[in-house]
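Undergrad:
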Amino acid sequence: APDGQGSLTDHVVVGPDTYGVGGRRFADLAALRASISEGASAPAAVVVTPDLADAHAATAAVLALVQEYLAAPEFHHTRLVVLTTGATPATAPTGPDAARTAAAAGALWGLLRVVQAEHPGRVVVADVDGPAARDLALDEPQQAVTAAGR
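Position in the sequence shown (from 1) plus 254 gives the number in our numbering.
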């Protein structure tokens, strides 16, 4: 099982930092792997925020990312943290794209629950509402984290 249980402290962000998690950022997993091969330490967590505009595209992109993550020996002791919004009532989106965002987030949760069953302890999925993402716990595989609390 990966190290780094507890709070989100030793992490990197791959792709956009949509929820203001902060920390070192990398364009993709390949860039992070290159950094590790050049001597950087592997982080306890790799945080990603998929684009939730389209459920099919989001699911395909996250599936490809999860497959790359699981195949990379550099990430054997690293948790993949996937942040969504709108998958739970606590972060229900509003506005004209609310249904689309919720559908994409729900699809990702379904996919990631399967990954969690097949690879226990490797993936965390968290439904967040902005900066509350910094407060998530790496030892809880599925969680909703809001400014109002868990």
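C-beta: ideal position from N, C-alpha, C; glycine also.
All of these numbers come straight from a predicted model, not from anything done at the bench.
1. For Arg333, does the count of other Cβ atoms within 10 angstroms reach 16, so buried, or fall short, so exposed?
2. Provide the residue span of the alpha helix (DSSP H) that contains Val369, from first to last.
3. So what's Asp271 in DSSP terms, helix, strand or just coil?
4. By a C-beta neighbour count over all protein chains shown, 10 Å radius and 16 as the cutoff for buried, is Asp351 buried or exposed?
5. Does the region 312-327 come into contact with the region 271-278, if we say contact requires no fewer than three beta-carbon pairs (one atom in each stretch) closer than 8 angstroms?
6. Buried or exposed: Pro297, going by 16 or more other Cβ atoms within 10 Å of its Cβ?
TA: Quick look at the numbers:
1. The sequence position of residue 333 within the sequence shown is 79, counting from 1. Burial call: buried.
2. Position 115 of the sequence shown, counted from the start, is the residue given in the question as residue 369. It spans Ala352 to Glu372 - the alpha helix (DSSP H) in which Val369 sits, taken as one unbroken run.
3. Position 17 of the sequence shown, counted from the start, is the residue given in the question as residue 271. Annotated three-state conformation of Asp271 is coil, per DSSP.
4. Counted from its first residue, the sequence shown places residue 351 at position 97. The residue is exposed, with fewer than 16 neighbouring Cβ atoms inside 10 Å.
5. No, they do not touch.
6. Mapped onto the sequence shown, residue 297 falls at position 43. Per the 10 Å Cβ criterion, buried.
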